[in-house]
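Engineer: Please see the structure below; I have some questions.
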Amino acid sequence: MDIASPPPEVDLSPSETLAARIAADMGAALAEALTARLDQAAEALGADGPAEMVHEVRKALKDYRALLRLVPGPEAKAARRDAAATARQLSEARDRQAALDALEALSHAGLLDSGQAERAQQVLTEVPSAAAEPADHRREVTDFLERARTSLAGPVGAAARETDVAAGLAKGYRRARTKPDFSQAQTLHELRKAVVTHRYQMAFLADVAGAGRKRARKAQRLRDILGIHQDLEALRPILAEALGTHHEALMSDVAAASRTLQRRLVKAARAQHGDLFERPAKVFAARIARRMVKAPPRPEPATTG
């Protein structure tokens, strides 16, 4: 039964009617947001350069996958996996840029002097890239978008419109709130993914209910810290392969600087995670529910004829 359209014989109380309206509004907004994220990915295909195209497509797909996590059911899970597989196909083009970003972070932190950073950057940029040509990436993304739009026009879109968005947001909060082993790079990587999901979900809530934008900004700052930590993890093997055995002193300096910066990042991440996820999930869920009640009703669809 569609909770937003009960049969005539069901006499809903005012609170039940309000809950039904909120659920229907949030579900409809979620379905529209998923379509908008696919539109963003399609628009990114027109970017001038391959690096910008990959960056913007990956960003749109992260947002799309984060919103799909709100939707229960096997169809949404399959759609999320399809998006993840497409993003992984683009990741190789991102690896070198991540290493360059890590070198920039080390230099900005004062842990590498300008000469060391420039030498390392030169070595990385001189190594031929194994990434596919931009046209190949665009074809892969175009094929994905066709599949995604088909599923969104069918079972995934239907499931999104019936989704208990508040419950999904609380689930995402609990996932990101789980304290990791801050000494392990892999658990920090998993935390980063959970924080990214929470960040995009809060941005969605801000768009449709006017609440969550501050949390989204805080989550983005935590994600940035964890992202630099991951870039540093990627830098060491990439740079070691590029340098070979001819620049052992430079590799040693970069490795030592990376460890120092990662210790600082872990300390900052621990503090920000504790602040952002201080409240129990039940308290968070209650606050979200109250803000949804205050959200203005969505306009009725336009009719013709």
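Read in order, the letters of the sequence shown are residues 4 to 308 in the numbering used here.
Note that CB positions come from ideal geometry on N, CA and C, so glycine has one too.
Out of curiosity, what's the CA-to-CA distance linking A105 and S117?
Structural biologist: 14 angstroms
Engineer: Using three-state DSSP, classify D146 as helix, strand or coil.
Structural biologist: helix
Engineer: With distances taken between CB atoms, is the gap from V126 to L246 smaller than 8 angstroms?
Structural biologist: yes
Engineer: Taking F147 as the reference, which of R24, A82, A27 and E236 has the closest Cα?
Structural biologist: The candidate whose alpha carbon is nearest that of F147 is A82.
Engineer: Compare the Cα-Cα distances from A79 to each of A44, R150, A188 and R202 and report the closest residue.
Structural biologist: R150
Engineer: Would G157 be called buried (16 or more neighbouring beta carbons within 10 Å of its own) or exposed?
Structural biologist: exposed
Engineer: Taking 7 angstroms as the cut-off, does the CB of G171 come closer than this to any heavy atom belonging to the ligand ZN?
Structural biologist: For the structure depicted, the ligand ZN is absent and the ligand set is empty, with no information on it obtainable.
Engineer: Between L41, A31, A39 and A90, which lies nearest to V57 when the distance is taken from Cα to Cα?
Structural biologist: A90
Engineer: Mapping the DSSP letters down to three states, classify G175 as helix, strand or coil.
Structural biologist: The three-state reading of DSSP puts G175 in helix, counting H, G and I together.
Engineer: Under 8 angstroms by Cβ, that's how I've got I231 and A102 pegged, so tell me the actual separation to the nearest angstrom.
Structural biologist: 12 angstroms between Cβ atoms; not a contact.
Engineer: Mapping the DSSP letters down to three states, classify R282 as helix, strand or coil.
Structural biologist: coil
Engineer: Can you tell me which of T248, R224 and Y203 puts its alpha carbon nearest to the alpha carbon of K62?
Structural biologist: Considering only alpha carbons, the answer is Y203.
Engineer: Roughly how far, in whole angstroms, is the beta-carbon of A222 from the beta-carbon of L279, given that I think they are within contact range, below 8 angstroms?
Structural biologist: 6 angstroms
Engineer: Short of 7 angstroms in beta carbon distance, which residues of its chain neighbour Q319, apart from the five on each side in sequence? Order them along the chain.
Structural biologist: Here the chain has residues from 4 to 308 only, and residue 319 is not among them.
Engineer: Using alpha carbons as the reference points, say which of D210, Q187, G160 and A284 lies closest to A272.
Structural biologist: Q187
Engineer: Which residue's Cα is closest to the Cα of D66: E129, P77 and Q43?
Structural biologist: Q43
Engineer: From this set, E251, V74 and R99, which residue's C-alpha is nearest A170's C-alpha?
Structural biologist: Among E251, V74 and R99, the Cα nearest to that of A170 is on V74.
Engineer: Taking the alpha-carbon positions, what's the T263 to K285 distance?
Structural biologist: 37 angstroms
Engineer: Here's the rule: buried if 16 or more other CB atoms are within 10 angstroms of the residue's CB, otherwise exposed. What is D28?
Structural biologist: Burial of D28 is indicated by the presence of at least 16 other C-beta atoms within 10 angstroms of its C-beta.
Engineer: Take every Cβ of the segment 160-167, pair it with every Cβ of the segment 24-39, and state whether three or more of those distances are shorter than 8 angstroms.
Structural biologist: yes
Engineer: Which residues in the same chain as T199 place their Cβ atom closer than 7 angstroms to its Cβ, once the five residues preceding and following it in sequence are excluded?
Structural biologist: Correcting the residue type first, residue 199 is Val in the shown sequence and not Thr. Closer than 7 angstroms at Cβ, skipping near neighbours: K65, A69 and R226.
Engineer: By Cβ distance, which residues of its chain are closer than 6 angstroms to P299, with the 5 residues on each side in sequence left out?
Structural biologist: Hits under 6 angstroms: none found.
Engineer: Please confirm whether D184 has its beta-carbon closer than 8 angstroms to some beta-carbon of chain B.
Structural biologist: The displayed structure is made up of one protein chain only, and chain B is not part of it.
Engineer: Going by the beta-carbon positions, is the gap between L48 and R141 smaller than 8 angstroms?
Structural biologist: yes
Engineer: So is V296 buried or exposed if we call it buried at 16+ other beta carbons inside 10 Å?
Structural biologist: exposed
Engineer: Buried or exposed: which applies to G175, given that a residue is buried once 16 or more other Cβ atoms fall within 10 Å of its Cβ?
Structural biologist: buried
Engineer: Can you give me the C-alpha to C-alpha distance between Q124 and R152, rounded to a whole angstrom?
Structural biologist: 40 angstroms
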